[in-house]
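Comments concern the structure below.
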Amino acid sequence: MYYRHFRLTGPPFEALAGPEALYLSQAHRESLAALEWGLLHEPSGFTTLTGETGTGKTTLVSSILARNFAQLHAAYVINPKLSFEDILRVVLGQFGIACMESNKPDRIEALVSFLGARMPNERLAIIVDEAQGLSEDVLEELRLLSNYGQRIGKYLQLVLVGQPELALRLKSPSLRQFNQRVAARSVLNRLSFVEAHEYVGYRLRARDGRSRDIFDSEALDYLLRHSAGIPRQINVLCHNAMLLAYSGGAPLVDLKSARAAVAEHGGSLLGGAWTLTIPSKGAQLIYVGVAALALLLLAGYGYRAVPTQAPRTNADASAAVPAQTARIIGDASINVARESQAAFKATAKATVKTVAKQIVASIPALVS
Numbered sequence: 001m002y003y004r005h006f007r008l009t010g011p012p013f014e015a016l017a018g019p020e021a022l023y024l025s026q027a028h029r030e031s032l033a034a035l036e037w038g039l040l041h042e043p044s045g046f047t048t049l050t051g052e053t054g055t056g057k058t059t060l061v062s063s064i065l066a067r068n069f070a071q072l073h074a075a076y077v078i079n080p081k082l083s084f085e086d087i088l089r090v091v092l093g094q095f096g097i098a099c100m101e102s103n104k105p106d107r108i109e110a111l112v113s114f115l116g117a118r119m120p121n122e123r124l125a126i127i128v129d130e131a132q133g134l135s136e137d138v139l140e141e142l143r144l145l146s147n148y149g150q151r152i153g154k155y156l157q158l159v160l161v162g163q164p165e166l167a168l169r170l171k172s173p174s175l176r177q178f179n180q181r182v183a184a185r186s187v188l189n190r191l192s193f194v195e196a197h198e199y200v201g202y203r204l205r206a207r208d209g210r211s212r213d214i215f216d217s218e219a220l221d222y223l224l225r226h227s228a229g230i231p232r233q234i235n236v237l238c239h240n241a242m243l244l245a246y247s248g249g250a251p252l253v254d255l256k257s258a259r260a261a262v263a264e265h266g267g268s269l270l271g272g273a274w275t276l277t278i279p280s281k282g283a284q285l286i287y288v289g290v291a292a293l294a295l296l297l298l299a300g301y302g303y304r305a306v307p308t309q310a311p312r313t314n315a316d317a318s319a320a321v322p323a324q325t326a327r328i329i330g331d332a333s334i335n336v337a338r339e340s341q342a343a344f345k346a347t348a349k350a351t352v353k354t355v356a357k358q359i360v361a362s363i364p365a366l367v368s
């Protein structure tokens, strides 16, 4: 395996990392605390966790469920496209509740009976991932379901985990009753550049490695700039760059491998938008050539016309300067302008030829 080439004990950038490789930035710690509060203590029963795709929301949910809180019974729904009846079926199955009937009222009654049999300090929770995909009808059914817990004085917690579109949807007038019930809200932001470096170092240390022993500093900076601070993208880019360096027999991931990894992955991943990358030498020559031609055209604008007659003077100027003197000055100005124009044309012609040669010479490098 490639990781042995870098003297690591395992692949450092696996999508599903173990607890030893769980990096918690400040935003992750805050969101984890919000999840714990929402599941164990929030009296309103409604909690939301939102963040961009790949920021680690599902990882946090898995982490907190792995703690196995004695007072918490949680059902985890990962398919938001299910109908409310199917969600009830999944929830009942995960709680181990037997229900012979398949209709909605009987399933609700079975869940409420199970909730009523809990001890005062116990809580039931339904966690829905990718919740931005829930229909408005399902959201309303979930809101009504939570009312049963209030009616019998028991806690039925609802945690919605989703992308930023979830928060926008809940602000719509048709969902205002649901939105008013959400008391605990957490947003999982992207990693900062410093945190992204810490993240890579943390994942490598979990495999007995160090950043400086695996990545050239410029290469790692390049990868992280194009990751948009999203852990999933950091994993993909660093993994691919290490594979490329390994296939080339390089002891370190260099800038060439980093650029190739980013190019293979479609450039920057900041919400699907591209960022500026360092152009190739051939492209740089073209940029310089275009800029030079633009400057020549701009400068030449000032020489677009040279007068053939001396400028006329107004009455006051004619009185102050004799006519013969004015004519001599005007003729001299015309001659100077003509000489300057000729010199400019000669310089422009030579510059254009030089730039054209550089562009032609760079074409093979661009094609290859």
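Positions 1 to 368 (this note's numbering) are the ones given, in order, by the sequence shown.
For every residue, glycine included, the Cβ atom is placed at its ideal position computed from N, Cα and C.
DSSP, reduced to helix, strand and coil, places I127 within a strand of the structure shown. In this chain, the beta strand (DSSP E) harbouring S186 covers 184-188. In this structure, L166 lies away from I127, with their beta-carbon atoms at least 9 Å apart. The criterion of a C-beta distance shorter than 9 Å is not satisfied by L124 and T47. In this structure, DSSP gives H265 a state outside helix and strand, which the three-state scheme calls coil. Short of 7 Å from the beta carbon of G162, and not among the five residues preceding or following it, lie these beta carbons of its own chain, in chain order: T50, E130, A131, Q132. With 16 or more other Cβ atoms from the protein chains shown falling within 10 Å of its own Cβ, M242 counts as buried. T9 is classed as exposed because its beta carbon has fewer than 16 other beta carbons within 10 Å across all chains shown. Counting only runs of at least 4 residues, the stretch 126-178 fully encloses the following alpha helix (DSSP H) elements, listed from N- to C-terminal order: 136-152, 164-170. In this chain, the beta strand (DSSP E) harbouring T48 covers 46-51.
The Cβ atoms of G45 and Q180 lie no closer than 9 Å to each other.
Its chain contains D216, E218, A219, Y222 as the residues whose beta carbon lies nearer than 7 Å to that of L255, once the 5 sequence neighbours on both sides are disregarded; these appear in chain order.
E101 and V90 have their alpha carbons spaced roughly 14 Å apart.
By the neighbour-count criterion, in which 16 or more other beta carbons inside 10 Å mark a residue as buried, S146 falls on the buried side.
Y76 carries a strand assignment under DSSP once its states are collapsed to helix, strand and coil. F215 carries a strand assignment under DSSP once its states are collapsed to helix, strand and coil.
Boundaries cannot be given for G54, as no alpha helix (DSSP H) includes it and DSSP labels it neither H nor E. Sequence-distant partners of V77 (beyond 5 residues in either direction) whose C-beta falls short of 6 Å from its own C-beta, in its chain, are I87, V90, V128. Spanning the alpha carbons of L72 and H239 requires a straight line of approximately 37 Å. In this structure, the alpha-carbon of A15 lies about 25 Å from that of Q94. In the DSSP assignment, the residues bridged to V253 are F215. Residue environment analysis places F6 among the buried positions, since at least 16 neighbouring C-beta atoms fall within 10 angstroms of its C-beta. In the structure shown, K104 adopts helical secondary structure according to DSSP, grouped into three states.
Bounds of the alpha helix (DSSP H) holding M242 are 231-247. For I87, the enclosing alpha helix (DSSP H) begins and ends at 84-95. Shown here, F193 sits in a helix according to DSSP, grouped into three states. With 16 or more neighbouring CB atoms inside 10 Å of its own CB, F178 falls in the buried class. Rounded to the nearest whole angstrom, the CA to CA distance from R232 to V112 is 39 Å. Judged by their CB atoms, A263 and E42 are not nearer to each other than the 9 Å cut-off. Going by beta carbons, E20 and A206 fall inside the 9 Å limit.
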